[in-house]
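> Okay, here's the structure, questions in a sec.
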Amino acid sequence: MAPGTSDLNGHRGIVGCSVGISLAPDDGTTREKLLKNADMALYRSKLDGRGTWRFFEPAMDVSLQSRRALEIDLREAMGKDEFTLFYQPIYDLRTDRISGLEALLRWQHPKRGLVPPDQFIPLAEEIGLIAPLGEWGLNRACKEAANLPTEFKMAVNVSASQFRDPKLASVIANALDMSALAPHRLELEITESVLLGNSTETIATLHELKARGLRIALDDFGTGYSSLSYLRSFPFDKIKIDQSFVRDATATKGSKLIVRAITSLGRSLGMTTTAEGVETIEQLNQMKAEGCNEAQVFLFSRPVPATELASTILSLRNGLKRSDWSRARAS
């Protein structure tokens with residue numbers, strides 16, 4: 624439903640609504656049943672972006688019950704210590720050595736198994752759990768990084784809702800203090816969604832964090848509408864090239880030219896460029912040829928749990944020789 628304006632005691636506001644509709648007799652023959660089904664349709668209209676309407680469908684009942692069960696499990700998960708971090712190695716293409724890690728949140732449910740982030744992260748944001756969950760992940764990542772070689776950096780993703788939290792700076796400072804991790808070893812990764820909305824306050828917060836010594840990376844570069852304007856507004860330390868361009872760089876001229884343009888832009892602005900999701904030796908060679916500084920090379924290592932981190936670092940730290948590339952290609 625299109626929003627309208629309202630004037631309340633001299634204050635002008637915007638009012639919109641979402642609508643759920645159930646019809647008798649197909650959707651129920653009693654008031655209670657019709658209201659219940661209309662409520663489920665209303666819930667679906669809100670999930671679909673608000674300001675719209677939906678008719679009840681029987682599948683909504685199954686979907687809602689499944690979501691409510693997931694929400695209950697999610698609320699209990701932190702108390703049951705079901706969350707963990709996996710670590711994706713970041714490979715320096717100039718030295719052929721591992722240079723850092725990206726911490727990735729995972730939910731290991733006793734019955735559901737490993738729940739994908741795209742299933743529980745949006746839900747955590749919706750029900751207000753993303754702040755404590757993000758703080759837990761930040762503390763754990765900093766603690767793990769403090770035990771790694773001092774040249775290693777640790778990258779942590781920060782969502783738009785986390786970034787809007789006025790306590791973010793103090794949460795980060797506390798994580799660094801508790802772990803004794805040097806600020807320059809912590810890298811915060813943000814997407815364009817963080818920068819949308821109140822860009823003035825957002826840029827000010829970014830400058831504050833950078834002044835504390837933290838590194839700031841712009842994730843999924845090239846997929847948004849205004850990425851270039853953000854590079855003009857804030858001196859990011861790193862640009863992460865979205866894996867869609869990396870994947871197609873060896874197959875399509877357009878993607879190869881985009882990767883080349885981004886790496887050239889990074890060099891001109893003094894920003895590190897990192898290729899996401901390198902899966903083949905051809906992609907790896909292409910990223911090197913285009914002058915990309917770093918890569919997250921799935922070819923060499925997928926994200927690993929903390930228990931496998933030491934052995935993974937040991938196998939990558941001294942560099943990968945051509946023979947290793949050949950074995951990787953053969954596998």
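Position one of the sequence shown corresponds to residue 624 (the working numbering), numbered consecutively onward.
For every residue, glycine included, the Cβ atom is placed at its ideal position computed from N, Cα and C.
Three or more beta-carbon pairs under 8 Å between the stretch 885-897 and the stretch 659-676, yes or no?
As far as the Cβ criterion goes, the stretch 885-897 does not touch the stretch 659-676, which means the pair count is below three.
> Looking only at its chain, what residues have a beta carbon closer than 7 Å to the beta carbon of Asp650, apart from the 5 residues adjacent to it on each side?
Reading the sequence shown from its first residue, position 27 is the one you call residue 650. Within the same chain, Asp650 has close Cβ partners Leu657, Asn660, Phe679.
> Can Leu809 and Val779 be called in contact, C-beta distance under 8 Å?
On the sequence shown, position 186 is the one that residue 809 refers to. On the sequence shown, position 156 is the one that residue 779 refers to. Result yes, Cβ atoms of Leu809 and Val779 sit closer than 8 Å.
> Output yes or no for whether 8 Å exceeds the beta carbon distance between Gly900 and Gln919.
By one-based count along the sequence shown, residue 900 stands at place 277. By one-based count along the sequence shown, residue 919 stands at place 296. Yes, Cβ-Cβ distance for Gly900 and Gln919 is below 8 Å.
> Taking only three categories from DSSP, how would you classify Pro789?
For the purposes of this step, residue 789 is identified with residue 166 of the sequence shown, where counting begins at 1. Correct three-state label for Pro789: coil.
> Would you report the Cα separation of Gly723 and Asp800, rounded to the nearest angstrom?
As a first step, residue 723 must be located in the sequence shown, where it is residue number 100. As a first step, residue 800 must be located in the sequence shown, where it is residue number 177. Answer to the nearest angstrom: the Cα atoms are 20 Å apart.
> Terminal residues of the continuous beta strand (DSSP E) containing Phe982?
Residue 982 is absent from the structure shown; the chain starts at 624 and stops at 954.
> Leaving out five residues on either side along the sequence, give the residues of the same chain with a beta carbon under 7 Å from the beta carbon of Leu854.
Within the sequence shown, numbered from 1, the residue matching residue 854 stands at position 231. These residues qualify, in order along the chain: Leu892.
> Mind reading off the beta-carbon distance from Leu687 to Met663? Whole number of angstroms is fine, and I expect it under 8 Å.
Taking the first residue of the sequence shown as position 1, residue 687 is located at position 64. Taking the first residue of the sequence shown as position 1, residue 663 is located at position 40. Going by Cβ atoms, the distance from Leu687 to Met663 rounds to 5 Å, so yes, they are a contact pair.
> Looking at the unbroken beta strand (DSSP E) that takes in Lys863, where does it start and where does it end?
Along the sequence shown, read from residue 1 onward, the residue named residue 863 stands at position 240. Taken as a continuous stretch (DSSP letters only), the beta strand (DSSP E) holding Lys863 covers 861-864.
> Assign Leu818 to one of three DSSP states: helix, strand, or coil.
Position 195 of the sequence shown holds residue 818. Looking at Leu818 - three-state DSSP - the assignment turns out to be helix.
> Where Asp865 and Ser645 are concerned, what is the direct C-alpha to C-alpha distance, given to the nearest angstrom?
As a working mapping, residue 865 is identified with position 242 in the sequence shown. As a working mapping, residue 645 is identified with position 22 in the sequence shown. Between Asp865 and Ser645, the C-alpha separation is close to 43 Å.
> Give the straight-line distance between the Cα atoms of Thr828 and Arg654, rounded to the nearest whole angstrom.
Looking up residue 828 in the sequence shown gives position 205. Looking up residue 654 in the sequence shown gives position 31. One C-alpha to the other measures close to 51 Å.
> On the CB-based measure, 16 or more other CB atoms within 10 Å of its CB, does Ile750 come out buried or exposed?
As a working note, residue 750 is residue 127 in the sequence shown. Exposed, since its Cβ has fewer than 16 Cβ neighbours within 10 Å.
> Report all residues from its chain with a CB closer than 6 Å to the CB of Phe859; omit the five preceding and five following residues, and keep chain order.
For the purposes of this step, residue 859 is identified with residue 236 of the sequence shown, where counting begins at 1. Hits under 6 Å: Ile839, Leu841, Met894.
> Return helix, strand or coil for Arg870, following the three-state DSSP convention.
Along the sequence shown, read from residue 1 onward, the residue named residue 870 stands at position 247. In this structure, Arg870 counts as helix in the three-state DSSP scheme.
> Which two residues bound the contiguous alpha helix (DSSP H) that contains Ser891?
For the purposes of this step, residue 891 is taken as the residue at position 268 of the sequence shown. 876-892 is the span of the alpha helix (DSSP H), which, as asked, contains Ser891.
> Name the one or two DSSP bridge partners that Ile839 has.
The residue given as residue 839 occupies position 216 in the sequence shown. Answer by DSSP bridge pairing, in chain order: Leu811.
> In chain order, what residues of the same chain have a beta carbon less than 8 Å from the beta carbon of Ala700, not counting five sequence neighbours either side?
In the sequence shown, residue 700 corresponds to position 77, counting from 1. Once the five neighbours on either side are set aside, the close Cβ partners of Ala700 are Phe706, Trp730, His732.
> Excluding the 5 residues flanking Ala798 on each side, which residues of the same chain have their C-beta closer than 7 Å to its C-beta?
The residue you call residue 798 lines up with position 175 of the sequence shown. So the qualifying residues of the chain are Leu761, Asn762, Cys765.
> When you compare the CB positions of Ile813 and Phe786, do they come within less than 8 Å of one another, or not?
The residue given as residue 813 occupies position 190 in the sequence shown. The residue given as residue 786 occupies position 163 in the sequence shown. In this structure, Phe786 lies closer than 8 Å to Ile813 by Cβ.
> With DSSP run on the structure shown, which of helix, strand or coil describes Ala898?
On the sequence shown, residue 898 is found 275 positions in, with the first residue counted as 1. Three-state DSSP puts Ala898 in a strand.
> Quick one: what's got a C-beta closer than 6 Å to Ala625's C-beta in the same chain, skipping five residues either side?
Residue mapping note: residue 625 aligns to position 2 of the sequence shown, counting from 1. The pLDDT assigned to Ala625 is 48, lower than 50, so where the model puts this residue is not dependable; a value taken from the coordinates is nonetheless given after this. There are no such residues.
> Report the rounded CA-to-CA distance for Glu905 versus Thr873, giving the unit in angstroms.
Mapped onto the sequence shown, residue 905 falls at position 282. Mapped onto the sequence shown, residue 873 falls at position 250. If I take the Cα positions, the gap works out to 7 Å.
> Report the rounded CA-to-CA distance for Leu939 versus Met777, giving the unit in angstroms.
Sequence index remark: in the sequence shown, residue 939 carries index 316 (1-based). Sequence index remark: in the sequence shown, residue 777 carries index 154 (1-based). Their Cα atoms are separated by approximately 16 Å.
> Name the two residues that bound the continuous beta strand (DSSP E) containing Arg720.
As a first step, residue 720 must be located in the sequence shown, where it is residue number 97. Element bounds for Arg720: 720-732.
> Specify the secondary structure class of Phe743 as computed by DSSP and reduced to three states.
Taking the sequence shown and counting its residues from 1, the one referred to as residue 743 is at position 120. Here Phe743 sits in helix by DSSP.
> Just mark Gly702 as buried or exposed, buried being the case when its beta carbon has 16 or more other beta carbons within 10 Å.
By one-based count along the sequence shown, residue 702 stands at place 79. Classification for Gly702: exposed.
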